[in-house]
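Following UniProt numbering, the numbering of the sequence shown begins with 1 at its first residue and continues without gaps.
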Amino acid sequence: MAASDTDALPSLQNQERSILLSLKSISKTYVTGDVSVPVLHNVDLDILAGEFLVIVGPSGSGKSTLLNIVGGIDVSTTGDVFFQQQNLSEFSEQQLTRYRRENIGFVFQFYNLVPTLTARENVIVAADISADPMSPDDALELVGLADRANHFPAQLSGGEQQRVAIARALVKKPELLLCDEPTGALDLSTGRKILEVLGNLNRELGKTVVIITHNSAIGKMAQRVIRIGSGTIAETSINPQPIPANQVTW
Ligand code: ADP
Ligand code: MG
């Protein structure tokens, strides 16, 4: 369990990275009526500031549950989540809302854009609820879509819609970008472009990026890969030389 995770940390910590978020003995059981579904079991995980982390595991292994707990949209049954030393488990609803707004950018498999709003307007919606957003046009520029700002989602390809979704996550200037199967609905070459955008945001803006995926090929571009199986961390590995996004293949 946790031992394999922390064993692999020193080489990243040598790059003087601080811990941004810590999961301490997180367990999650979904209870619906008489049915209990245990999903996560005593997960310990540190996410380091500025790292590019990929969490790989088969469908149903608890990846989305884990990411949603990290992002404050779900809560664990037991255990604690510390973000910059603050314990999320002790947050009020209002504090959790603020945490999600200010610190977390979510990217989902199916983009979740508002179909009746243009690309720019989709980004503005997120900027409007943020305390200190960047300009929506700058966010679109960062994902290479400045020239499509006035287009509606239906006028954009899947890859372009995903880039709008990344701009929407980014506009709030979050510490942490959490991506749930961000290439899951895309073909290889479009998927690579999305990975390239995420890689650039990590390298050039220093964003901490966490991707969860069933696709282990994506792990090759990560600095650190965590394998999750049956609700526990099965393995942690460090890539001494992550490959560029455009060489990832599946
Ligand atoms: P993954 O993202 O790795 O595919 P999930 O975290 O989505 O896995 O789901 C893990 C397990 O938890 C699955 O068996 C799923 O059916 C179950 N599960 C997820 N969400 C709920 C829920 N809200 N209520 C009951 N069971 C759930
Ligand atoms: Mg999932």
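Quick reminder that beta carbons are idealized off the backbone N, C-alpha and C, glycines included.
| request: Rank Val-70, Gly-60 and Pro-58 by C-alpha distance to the C-alpha of Val-43 and give the top, closest one. | output: Here residue 43 refers to the residue found at position 43 of the sequence shown. Of Val-70, Gly-60 and Pro-58, the residue nearest in Cα terms is Val-70.
| task | Specify whether the segment 190 to 210 and the segment 228 to 239 touch according to this definition: at least 3 beta carbon pairs, one from each stretch, less than 8 Å apart. | result | no
| request: Measure how close the beta-carbons of Gln-109 and Gly-184 come, nearest whole angstrom, since I'm counting them as under 8 Å. | output: Position 109 of the sequence shown, counted from the start, is the residue given in the question as residue 109. Position 184 of the sequence shown, counted from the start, is the residue given in the question as residue 184. Yes, Gln-109 and Gly-184 are in contact; Cβ-Cβ is about 4 Å, under 8 Å.
| Hey, would you say the C-beta of Glu-181 is under 7 Å away from at least one heavy atom of the ligand MG? | For the purposes of this step, residue 181 is identified with residue 181 of the sequence shown, where counting begins at 1. Yes; taking the cut-off as 7 Å, the Cβ of Glu-181 has a heavy atom of the ligand MG nearer than that.
| task | Would you list the one or two residues that DSSP bridges to Ser-237? | result | By one-based count along the sequence shown, residue 237 stands at place 237. DSSP, once it has assigned bridges, lists Val-225 as partnering Ser-237.
| The alpha helix (DSSP H) enclosing Tyr-99, as first and last residue numbers | As a first step, residue 99 must be located in the sequence shown, where it is residue number 99. Here the alpha helix (DSSP H) through Tyr-99 covers 93 to 103.
| field | Proximity test, Cβ basis, 8 Å: Ser-22 and chain D | value | In the displayed structure, chain D is absent; only one protein chain is listed.
| query | Under a three-way DSSP split, which group does Leu-145 fall into? | reply | Stepping through the sequence shown from its first residue, residue 145 is reached at position 145. Here Leu-145 sits in coil by DSSP.
| message | Would Arg-101 and Ile-73 qualify as a contact pair, given that the criterion is a beta-carbon distance under 8 Å? | response | Numbered from 1 along the sequence shown, position 101 holds the residue referred to as residue 101. Numbered from 1 along the sequence shown, position 73 holds the residue referred to as residue 73. Cβ atoms of Arg-101 and Ile-73: not closer than 8 Å.
| field | Alpha-carbon to alpha-carbon, Asp-34 and residue 255 | value | Since the first and last residues shown for the chain are 1 and 250, residue 255 lies out of range.
| query | Roughly how many angstroms lie between the CA atoms of Ile-129 and Ile-212, to the nearest whole one? | reply | Counting from one through the sequence shown, the residue named residue 129 turns up at place 129. Counting from one through the sequence shown, the residue named residue 212 turns up at place 212. The alpha-carbon atoms of Ile-129 and Ile-212 are separated by roughly 26 Å.
| query | What do you reckon, is the C-beta of Ser-64 under 7 Å from a heavy atom of the ligand MG? | reply | Start at 1 with the first residue of the sequence shown, and residue 64 comes out as number 64. Yes; taking the cut-off as 7 Å, the Cβ of Ser-64 has a heavy atom of the ligand MG nearer than that.
| task | Figure out for me which residue from Ser-61, Gln-85, Gly-57 and Asn-68 has the closest Cα to the Cα of Leu-21. | result | Indexing the sequence shown from 1 puts residue 21 at position 21. Out of Ser-61, Gln-85, Gly-57 and Asn-68, Gln-85 has the C-alpha closest to the C-alpha of Leu-21.
| Nearest-angstrom Cα distance between His-41 and Gly-62? | Here residue 41 refers to the residue found at position 41 of the sequence shown. Here residue 62 refers to the residue found at position 62 of the sequence shown. So the two alpha carbons sit approximately 10 Å from each other.
| request: Confirm, please, whether the CB-CB distance from Leu-142 to Ala-167 is below 8 Å. | output: As a position in the sequence shown, residue 167 is number 167, starting the count at 1. As a position in the sequence shown, residue 142 is number 142, starting the count at 1. Yes, these two residues count as a Cβ contact at 8 Å.
| task | Consider the C-beta atom of Gly-57 and the heavy atoms of the ligand ADP; say whether any pair is separated by less than 7 Å. | result | What you label residue 57 is simply residue 57 of the sequence shown in a count that begins at 1. It does: the Cβ of Gly-57 is within 7 Å (strictly closer) of some heavy atom of the ligand ADP.
| query | Just curious, the beta strand (DSSP E) that Thr-213 is in, first and last residue? | reply | Residue 213 sits at position 213 when you count from the first residue of the sequence shown. Note, Thr-213: beta strand (DSSP E), 208 to 213.
| field | Uninterrupted beta strand (DSSP E) stretches inside the segment 123 to 205 (no shorter than 3 residues) | value | 176 to 180
| said: Check this for me: beta carbons of Arg-221 and Val-171, under 8 Å apart or not? | reply: In the sequence shown, counting from the first residue as 1, residue 221 sits at position 221. In the sequence shown, counting from the first residue as 1, residue 171 sits at position 171. Checking the sequence shown, residue 221 turns out to be Met, not Arg. Not closer than 8 Å, so no.
| query | Cα separation between Val-31 and Phe-91? | reply | For the purposes of this step, residue 31 is taken as the residue at position 31 of the sequence shown. For the purposes of this step, residue 91 is taken as the residue at position 91 of the sequence shown. One C-alpha to the other measures close to 22 Å.
| message | Can you determine whether any heavy atom of the ligand ADP sits closer than 7 Å to the C-beta of Tyr-30, and answer yes or no? | response | Here residue 30 refers to the residue found at position 30 when the sequence shown is read from its first residue. Tyr-30: yes, Cβ under 7 Å from the ligand ADP.
| said: the ligand ADP and Ser-61: does the residue's C-beta get closer than 7 Å to at least one heavy atom of that ligand? | reply: Position 61 of the sequence shown holds residue 61. Indeed, a heavy atom of the ligand ADP lies less than 7 Å from the Cβ.
| Candidates Glu-175, Pro-242 and Ala-131, of which the one nearest Ser-18 by Cα | Along the sequence shown, one-based indexing puts residue 18 at 18. Nearest of Glu-175, Pro-242 and Ala-131 to Ser-18, Cα basis: Glu-175.
| Top-ranked residue by Cα proximity to Pro-58, from Asn-246, Ile-228, Gln-247 and Glu-160 | Sequence index remark: in the sequence shown, residue 58 carries index 58 (1-based). Comparing Cα-Cα distances from Pro-58 to each of Asn-246, Ile-228, Gln-247 and Glu-160, the minimum goes to Ile-228.
| Cα separation between Ile-47 and Phe-106? | Taking the sequence shown and counting its residues from 1, one reaches residue 47 at position 47. Taking the sequence shown and counting its residues from 1, one reaches residue 106 at position 106. If I take the Cα positions, the gap works out to 16 Å.
| Enclosing beta strand (DSSP E) for Asn-42 [first to last residue] | Position 42 of the sequence shown, counting from 1, holds the residue named residue 42. Counting along the chain, the beta strand (DSSP E) containing Asn-42 begins and ends at 35 to 48.
| message | Threshold first: 4 residues or longer. Then list the alpha helix (DSSP H) segments lying entirely within the segment 59 to 87, N to C. | response | 63 to 70
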